[in-house]
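These notes are about the structure you will find just below.
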Amino acid sequence: MKFQGVLFFPVTPFGTDGSLDEERLAQHIESGVAAGAGGVFVACGTGEFHALTPDEIEQATRVAVQTTAGRVPVLGAAGGPPPVARDQAARIERAGADGLLLLPPYLVTAPQRGLVRYVEEVTDAADLPVIFYQRGTARLIEATAAAIAALPQVVGTRPSTAARRSATTGARRSTPPGSSSRPG
Numbered sequence: 016m017k018f019q020g021v022l023f024f025p026v027t028p029f030g031t032d033g034s035l036d037e038e039r040l041a042q043h044i045e046s047g048v049a050a051g052a053g054g055v056f057v058a059c060g061t062g063e064f065h066a067l068t069p070d071e072i073e074q075a076t077r078v079a080v081q082t083t084a085g086r087v088p089v090l091g092a093a094g095g096p097p098p099v100a101r102d103q104a105a106r107i108e109r110a111g112a113d114g115l116l117l118l119p120p121y122l123v124t125a126p127q128r129g130l131v132r133y134v135e136e137v138t139d140a141a142d143l144p145v146i147f148y149q150r151g152t153a154r155l156i157e158a159t160a161a162a163i164a165a166l167p168q169v170v171g172t173r174p175s176t177a178a179r180r181s182a183t184t185g186a187r188r189s190t191p192p193g194s195s196s197r198p199g
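Going from the sequence shown to our numbering is simple: count from 1 and add 15.
Next up, the structure:
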């Protein structure tokens with residue numbers, strides 16, 4: 016998986032009935048890719064991840080995969096309680112995504128070892144490269160970032176704006192030639 020250019024986090028459009036508007040999502044993604052996006056992160060934080068049903072996360076990911084047609088990598092978001100995140104990861108893989116952006120449980124403070132275990136449990140649910148998103152209360156210390164980065168499927172960490180402002184250190188595992196772990 017290689018990113019070149021600006022990473023695109025599209026907003027997920029909804030119809031007047033509150034359902035996922037697949038046609039508008041496809042148009043939005045196509046516009047972003049046509050403008051030079053180097054990767055699409057669908058149904059993530061900006062993409063209303065928290066407001067989507069499991070089926071809609073899978074549908075949104077499938078729309079992104081079909082729309083990009085291999086031109087750029089597509090990653091979908093999984094997060095929340097471990098059983099939910101595992102289900103989302105499996106759905107994102109089934110939809111054909113190139114990778115997974117793993118969001119930590121929201122507003123839950125976990126011990127550092129708990130964050131590592133969370134990543135281990137969720138990455139076991141799908142055979143996809145994973146970028147761990149440091150946000151909210153999931154601020155990694157250097158040793159935890161290194162432990163997460165050493166997991167076989169983890170290709171990087173993505174600090175939130177708040178995490179970047181803090182002194183938290185992210186670690187990226189080296190990746191094979193021709194690939195990149197630059198999530199943004």
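The beta carbon of each residue, even a glycine, is placed where N, CA and C say it ideally should be.
| Asked | Found |
| --- | --- |
| For residue 147, the three-state DSSP class (helix, strand or coil) | strand |
| Continuous beta strand (DSSP E) stretch holding residue 91: start and end | 89 to 94 |
| Through-space distance from residue 94 to residue 102, alpha-carbon basis | 10 Å |
| Inter-residue spacing [alpha-carbon to alpha-carbon] between residue 131 and residue 162 | 7 Å |
| Environment of residue 139 [buried if 16+ CB atoms lie within 10 Å] | exposed |
| Residue 47 - DSSP class collapsed to helix/strand/coil | helix |
| For residue 114, three-class secondary structure by DSSP | strand |
| Counterpart residues of residue 57 in DSSP-defined beta bridges | 91 |
| Contact the stretch 33 to 43 vs the stretch 67 to 77: 3+ CB pairs below 8 Å | yes |
| Cβ distance (whole Å) where residue 80 is taken to contact residue 111 below 8 Å | 4 Å |
| DSSP state of residue 101 mapped onto helix, strand, coil | helix |
| Beta-carbon spacing of residue 72, residue 106 below 7 Å | yes |
| Delimiting residues of the alpha helix (DSSP H) encompassing residue 129 | 127 to 138 |
| Residue 178 - DSSP class collapsed to helix/strand/coil | Here residue 178 scores only 42 on pLDDT, less than 50, and its place in the model is too uncertain to base an answer on. |
| For residue 106, three-class secondary structure by DSSP | helix |
| Beta-carbon spacing of residue 148, residue 115 below 7 Å | no |
| Residue 19 versus residue 97 - alpha carbon distance | 31 Å |
| Residue 77 versus residue 28 - alpha carbon distance | 15 Å |
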